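Let me begin by presenting the structure, written as structure tokens, before commenting on it.
There are 2 protein chains.
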Amino acid sequence: MRTELLDAAKALLWEGGYERMSPRKVLERSGAGQGSLYHHFPTKRALAAAALVEVERELVESAERVLGGDAPPLDRVRAWLALERNGLKGCRLGRLANEVEVLGSDELRSALAGYFNRVLALLTATLSEAKERNELRASAAPADLAAALVALVQGGYVLSRALANEKLISRATRGAMSLLDAAAHSSSRSRSD
Amino acid sequence: MRTELLDAAKALLWEGGYERMSPRKVLERSGAGQGSLYHHFPTKRALAAAALVEVERELVESAERVLGGDAPPLDRVRAWLALERNGLKGCRLGRLANEVEVLGSDELRSALAGYFNRVLALLTATLSEAKERNELRASAAPADLAAALVALVQGGYVLSRALANEKLISRATRGAMSLLDAAAHSSSRSRSD
DNA sequence: GTCTATAGCTCGATAGAC
DNA sequence: GTCTATCGAGCTATAGAC
Numbered sequence: 035m036r037t038e039l040l041d042a043a044k045a046l047l048w049e050g051g052y053e054r055m056s057p058r059k060v061l062e063r064s065g066a067g068q069g070s071l072y073h074h075f076p077t078k079r080a081l082a083a084a085a086l087v088e089v090e091r092e093l094v095e096s097a098e099r100v101l102g103g104d105a106p107p108l109d110r111v112r113a114w115l116a117l118e119r120n121g122l123k124g125c126r127l128g129r130l131a132n133e134v135e136v137l138g139s140d141e142l143r144s145a146l147a148g149y150f151n152r153v154l155a156l157l158t159a160t161l162s163e164a165k166e167r168n169e170l171r172a173s174a175a176p177a178d179l180a181a182a183l184v185a186l187v188q189g190g191y192v193l194s195r196a197l198a199n200e201k202l203i204s205r206a207t208r209g210a211m212s213l214l215d216a217a218a219h220s221s222s223r224s225r226s227d
Numbered sequence: 035m036r037t038e039l040l041d042a043a044k045a046l047l048w049e050g051g052y053e054r055m056s057p058r059k060v061l062e063r064s065g066a067g068q069g070s071l072y073h074h075f076p077t078k079r080a081l082a083a084a085a086l087v088e089v090e091r092e093l094v095e096s097a098e099r100v101l102g103g104d105a106p107p108l109d110r111v112r113a114w115l116a117l118e119r120n121g122l123k124g125c126r127l128g129r130l131a132n133e134v135e136v137l138g139s140d141e142l143r144s145a146l147a148g149y150f151n152r153v154l155a156l157l158t159a160t161l162s163e164a165k166e167r168n169e170l171r172a173s174a175a176p177a178d179l180a181a182a183l184v185a186l187v188q189g190g191y192v193l194s195r196a197l198a199n200e201k202l203i204s205r206a207t208r209g210a211m212s213l214l215d216a217a218a219h220s221s222s223r224s225r226s227d
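Chains A and B are the protein sequences, given in the same order. Residues in the first sequence are numbered from 35 upward in steps of one, following the numbering used here. Residues in the second sequence are numbered from 35 upward in steps of one, following the numbering used here.
See the structure below:
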């Protein structure tokens, strides 16, 4: 039952965020009875925190899969940019970054911080490697570029949702691809323009 | 009194979003009495919609001020990227793009859509101009680059808030600056690296 | 135009039987 | 471990006096 509660919480957090995720809805969705939620978790927040830890792990694994390989660094960055993303559903963690109750609770916010810090570190390392290999122009600081790319994906979700247009996020990542190609030395450009 | 109600709504929408903006809080903040809200506006949503129209106008004006001048196009884009932004407070419109009730109401969402469409159009036009002047490499489609830049700013807010670190958004825009410089032909680079 | 009072609902959480 | 019942609070909105 604990598993069903967590799965229901994960689904509701994705669909509506933390503040809309009511214990009642979790119970309905999971098929659990009223008593069982507060048997397995002391508070709504504890349930959400446990759910977000799992989401964090899932998203980190997915990022490590593309960014952690031994392919040429810029290809890994391109592969990360090209990951399948549903612009209208939003990022499962990033969508929570505007909720007062999430930002006000270290327990909840740490899932977001853990994920973003990990992705930023992976991208920074990958971009540094590209720079060492002389595949990336020196003017760009890897940490700044990493922040730019992660932000771009998160903002792509925002744009897609605000304009109710699934295409916006891929337009944004395509734009990022172009900029990255322009910042790459020609020796590393294996893709067609 | 209508003005005070709108100002209170604008402040609350910025601080906590639409779903947290309760009529009670609007009344407290504005100093108005209970009856006056529903005298001036039929519903909470109508009040929020009116407030968001004003916010949209303010943000559009600010974007037009930097992007609409007659300076060299890439300088205008750089000036827009360099605008002062409080990463921890979030974008007054973009922060609403994850709220179910906002996305589910055309009345509310249209403020977000209006703003983002306008900024995308301005940036696309400016980048097209840069391309015509041969100041920007041809591989980049202006509409894609515009989406990338707007997304990057919106995602910068997300990162800053998720990591509780004001610097993230400026790190992201600095990274964008680097990428833009790399995509610019050297003839247009007036800034030091 | 603004007041007080309150409707009907959902919220997060708890009590106590089984 | 799960059940039913319910608490006190806040929610959006309405009623009716002034």
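The beta-carbon is built from N, C-alpha and C at its ideal position, and this holds for glycine as well. Note that the structure is predicted; figures quoted are calculated from it, not measured.
Can you give the Cα-Cα distance for residue i and residue j, rounded to whole angstroms?
i                 : j                 : result
Ala180 of chain A : Arg119 of chain B : 19 Å
Ser221 of chain B : Leu214 of chain B : Confidence in Ser221 of chain B is poor, its pLDDT being 46 and thus under 50, which makes the residue's placement unreliable; the coordinate value appears in the next sentence. Rounded to whole angstroms, Ser221 of chain B to Leu214 of chain B spans 13 Å at the Cα level.
Gly128 of chain A : Leu39 of chain A  : 22 Å
Trp48 of chain B  : Ala147 of chain B : 17 Å
Asn199 of chain A : Ala164 of chain A : 33 Å
Arg208 of chain A : Thr158 of chain A : 20 Å
Asp140 of chain B : His219 of chain B : 42 Å
Ala43 of chain A  : Val60 of chain A  : 6 Å
Ser224 of chain A : Arg112 of chain A : Caution applies to Ser224 of chain A, whose pLDDT of 46 falls short of 50 and renders its modelled position unreliable; the model cannot decide the point.
Val87 of chain B  : Arg54 of chain A  : 25 Å
Leu161 of chain B : Thr77 of chain B  : 41 Å
Ala85 of chain A  : Leu108 of chain B : 45 Å
Ala174 of chain B : Ala210 of chain B : 14 Å
Asp178 of chain A : Ala217 of chain A : 13 Å
Arg58 of chain B  : Arg58 of chain A  : 25 Å
Arg167 of chain A : Gly103 of chain A : 16 Å
Gln68 of chain A  : Arg171 of chain A : 59 Å
Arg110 of chain A : Arg91 of chain A  : 20 Å
Lys37 of chain A  : Arg79 of chain B  : Residue identity differs from the one stated: residue 37 of chain A is Thr in this sequence, not Lys. C-alpha separation (whole angstroms): 37 Å.
Ser212 of chain A : Ser212 of chain B : 13 Å
Suppose the cutoff is 8 Å on Cβ atoms and the five residues either side in sequence are ignored; what does the same chain contact list for residue i look like?
i                 : result
Tyr52 of chain B  : Ala82, Leu130, Glu133, Glu135, Val136, Leu142
Leu117 of chain A : Ser96, Val100
Lys201 of chain A : Gly121, Ser194
Phe75 of chain B  : Leu39, Leu81, Ala84
Gly50 of chain B  : none
Leu154 of chain B : Ala177, Ala180, Ala181, Val184
With a Cβ-Cβ cutoff of 8 Å, do residue i and residue j count as a contact?
i                 : j                 : result
Gly189 of chain A : Val89 of chain B  : no
Ile203 of chain A : Gly121 of chain A : yes
Ser64 of chain A  : Asp41 of chain A  : yes
Gly124 of chain A : Tyr72 of chain A  : no
Leu156 of chain A : Glu62 of chain A  : no
Ala206 of chain A : Leu197 of chain A : no
Ala182 of chain B : Leu186 of chain A : yes
Report all residues from its chain with a CB closer than 6 Å to the CB of residue i; omit the five preceding and five following residues, and keep chain order.
i                 : result
Ser144 of chain B : none
Arg152 of chain B : Val94
Trp114 of chain A : Val100, Leu101
Met35 of chain A  : Ala66, Ser70
Using a Cβ-Cβ cut-off of 7 Å (strictly less than) and excluding sequence neighbours within five positions of residue i, which residues of its own chain qualify?
i                : result
Ala93 of chain A : Per the sequence presented here, residue 93 of chain A reads as Leu, with Ala not at that position. Closer than 7 Å at Cβ, skipping near neighbours: Arg126, Leu127, Tyr149.
Subject >> Contacting positions in the region 87 to 116 of chain B - beta carbon closer than 7 Å to chain A >> reply: none
**OP:** Jot down the residue ranges of each uninterrupted alpha helix (DSSP H) in the region 42 to 76 of chain B, minimum 4 residues, whole runs only, in chain order.
**Re:** 57 to 64, 68 to 74
Subject >> alpha helix (DSSP H) runs contained entirely in the region 101 to 181 of chain B, provided each spans 4 or more residues >> reply: 107 to 115, 134 to 137, 140 to 166
Subject >> Under 7 Å (Cβ pairs) to chain B, residues found in the region 118 to 142 of chain A >> reply: Gly124, Gly128, Arg129, Ala131, Asn132, Val134, Leu137
**OP:** Identify each residue in the region 203 to 216 of chain B for which the Cβ-Cβ distance to at least one residue of chain A is less than 8 Å, and report them in chain order.
**Re:** Ile203, Arg205, Ala206, Thr207, Arg208, Gly209, Ala210, Ser212, Leu213, Leu214, Asp215, Ala216
**OP:** Pull out every residue of the region 41 to 55 of chain A whose Cβ sits closer than 7 Å to any Cβ of chain B, in chain order.
**Re:** Gly50, Gly51, Glu53, Arg54
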